[in-house]
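A.B. asks: When the letters of the sequence shown are read in order and numbered with the numbering used here, they come out as residues 12 to 511.
For each residue, glycine too, the CB sits at the ideal point set by N, CA and C.
As the structure is a computational prediction, the values presented were derived from the model and not from experiment.
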Amino acid sequence: MRKDQFPREIQPHLIPSPQGSYAYECLGCGARHGIEKLLYTCPSCKSVLLIGDRDWDRLKAIPGDLWRKIFDHRSMLTQPALRGIYRFHELIGSIIPMESVVYLGEGHTPLVGANDRLAQWVGRPFYFKNDGQNPSASFKDRGMASAFSYLNHLIRDHGMDDVLAVCASTGDTSAAAALYASYFVEGVTSAVLLPQGKVTPQQLGQPLGSGARVLEIPGVFDDCMKVVEHLSDRYPVALMNSKNAWRILGQESYSYEIAQMFDYDVSHLMVAVPIGNAGNITAVLQGFLKLLDLGIIEALPRVLGVQSEHANPVYLYYLEPDPRKRRFEPVNVRPSTAQAAMIGNPVSMPRVMSLVDKYRKLAGDGAVQVVQVSEQEIMDSMILANRNGHITCTQGGECLAGFRKAVEKGSVDSHVVGVLDATAHALKFSIFQEKYFENAFEPEFRVVPRDEYRNAPIAIDTPGSVPSPGGGQRLEPEEFQIFVEYAAQKIAQLLGLEAK
Ligand SMILES: *Cc1c(COP(=O)(O)O)cnc(C)c1O
Ligand SMILES: [Zn+2]
């Protein structure tokens, strides 16, 4: 749609221009630090940071109703980047000029409703939001788009050069970081640190394919994270983990898109996300809080965090009902099929604590819940979802298992509708599906496949008397006909078909 065809009151706001006054805000000591340098922890107290807009209140001059129209209309523009996460420019990095925005197709991911069979199994209607349909096939692209857009802004407008982007990863962060870095013609290269043998073959192939330097570290993600933190403290590199608060801003777009899809009425929703390093749940909470503050939504949705029993520090923390008695303890992780969330010491825990407090003050204790699920439940849920039209990864299976558990526990009101984060595409984690179908899980996973969910290919072999095109030679027409009839008859027999 052309700009002059939009309603008059929207036109001045359609194309975002740089505005606001951003600063890193320390969650430990409350100090503010300028954003002209990349900063990951507070120089005074070492705590993690979030990014705030000191001039945030100017946004309240626009009523919620007009904001809704602005966001809705931007999706109709022909400027590609304004259909993605930057249609929420004012909320996620308004100091970045649109010319610096790096857009690779992230955001605007579909909501796919559960069919009746699946909804009945869970006990509530729900949707998956397919964040696996992002460019590198996980939600991490949302945060990478904003972190790299900010880097690009520093390069274009503030003379930064020769950036080496680094991250530690359970697989998807590195795929996303390597993809966005590879888009730069000059000025940016990337190196990613992976726990050896703890990412899937697809996830290993992604950063290799994007041309990143890929470094394999012995140990688990938490060990890689320590190495990359040490590296970023001592060397001039740009850390692209969610410790980098710019990542959080981009990932807030997930909440904004949900609000938009439900016409900004989210009070009946429960938004379920898997928790690993806890960047995602941080962004989801903060996103909805910002919408409420600007009057864009009138009430907050419930948020459900889900963890595996094999990596459950956040679950254990909130198990204690008395806030004064809660103490955070990192855990040693055990092998988990929700491998992208297999993290024992989440970097964003201080952010989660602070935002959960805020959220619960506004919407009640039940507004943020955390449940844990077994590895068996994760796998069964993923397989079942995908047998019902979805394309979810193991972490999406974890969300489904968690939502079902919360319903079972009676902590989900009967009118509530679920929105479950399918955080990555099923294909990235097909190795776990394979293990399930072949009953080949290592004992530590403690997963036993259900027979009715298993599946395997059936080979149609030909006996010696029947010609086969499998030999590489083209068959003569009559021979080929013999083969076709033999194979079709065999298949009909296997599928129990009667001739018409
Ligand atoms: C990173 C990731 C998670 C965990 O998100 P955090 O922000 O680390 O809590 C879950 N699922 C997938 C597919 C991921 O890539
Ligand atoms: Zn501080």
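(1) As a quick check of your reading: which residues have a C-beta less than 6 Å from at least one non-hydrogen atom of ligand 2, in chain order?
(2) Report yes or no: do three or more beta-carbon pairs, one from the region 121 to 136 and one from the region 178 to 195, lie closer than 8 Å?
(3) Along the alpha helix (DSSP H) that carries Ile62, what are the first and last residues, could you check?
(4) Any heavy atom of ligand 1 closer than 6 Å to the beta-carbon of Thr348?
(5) So is the beta-carbon of Pro285 under 6 Å away from any non-hydrogen atom of ligand 1?
(6) Just confirm the distance between the C-beta atoms of Pro5 and Pro324, as a whole number of angstroms; I'd bet it's less than 8 Å.
(7) Can you tell me which of the three DSSP states Glu227 falls into?
(8) What alpha helix (DSSP H) runs, 4 residues minimum, are completely inside the region 110 to 181?
(9) Answer yes or no: the CB of Ser264 versus the heavy atoms of ligand 1, is any distance below 6 Å?
(10) So the alpha helix (DSSP H) Asp244 belongs to, where does it begin and stop?
(11) If you reduce the DSSP assignment to three classes, tell me which class Leu190 lands in.
(12) Could you pull out every unbroken alpha helix (DSSP H) segment of at least 4 residues lying fully inside the region 63 to 93, listed in chain order?
(13) Determine the direct distance from the alpha carbon of Gly400 to that of Met364, and round the result to whole angstroms.
(14) Looking at the secondary structure, which residues open and close the alpha helix (DSSP H) in which Leu486 lies?
(15) CB of Asp183 to nearest heavy atom of ligand 1: below 6 Å?
(16) Could you check what DSSP says for Thr403 in three-state terms: helix, strand or coil?
(17) Hey, out of Tyr328, Thr211, Asp276, Asp142, whose CA is closest to Ser180's CA?
(18) Residue ranges of each alpha helix (DSSP H) run of no fewer than 4 residues wholly in the region 279 to 353, ordered along the chain?
(19) Is Gly124 close to ligand 1? I mean its beta-carbon at under 6 Å from any heavy atom of the ligand.
(20) Check the DSSP bridge columns for Arg43 and list the partner residues they point to.
(21) Please tell me whether, using a cut-off of 6 Å, the distance from the CB of Ser425 to the nearest non-hydrogen atom of ligand 1 is below it.
(22) Label Asn141 either buried or exposed according to how many other C-beta atoms from any shown protein chain fall within 10 Å of its C-beta, with 16 as the threshold for buried.
(23) Going by other Cβ atoms of all chains shown within 10 Å of its Cβ, with 16 needed for buried, is Tyr246 buried or exposed?
(24) Should Asn291 be counted as a contact of ligand 1 given a C-beta to heavy atom distance under 6 Å?
C.D. replies: Checking against the coordinates, here is how it stands:
(1) Cys37, Gly39, Cys40, Ala42, Cys53, Ser55, Cys56, Ser58
(2) At 8 Å Cβ cutoff, the stretches do not touch.
(3) Note, Ile62: premise wrong, no alpha helix (DSSP H); beta strand (DSSP E) at 60 to 64.
(4) no
(5) Under cutoff, so the answer is yes.
(6) In this structure the chain extends from 12 to 511, so residue 5 is not present and cannot be described.
(7) The answer is strand: DSSP assigns Glu227 an E or B state.
(8) 127 to 133, 151 to 169
(9) no
(10) For Asp244, the enclosing alpha helix (DSSP H) begins and ends at 232 to 245.
(11) helix
(12) 75 to 85
(13) Taking the straight line from one Cα to the other gives about 36 Å.
(14) Per DSSP, Leu486 lies in no alpha helix (DSSP H) segment and is marked neither H nor E.
(15) yes
(16) strand
(17) Thr211
(18) 290 to 304, 324 to 330
(19) Short note on Gly124: C-beta not closer than 6 Å to any heavy atom of ligand 1.
(20) Glu36
(21) no
(22) buried
(23) Exposed is the call here.
(24) yes
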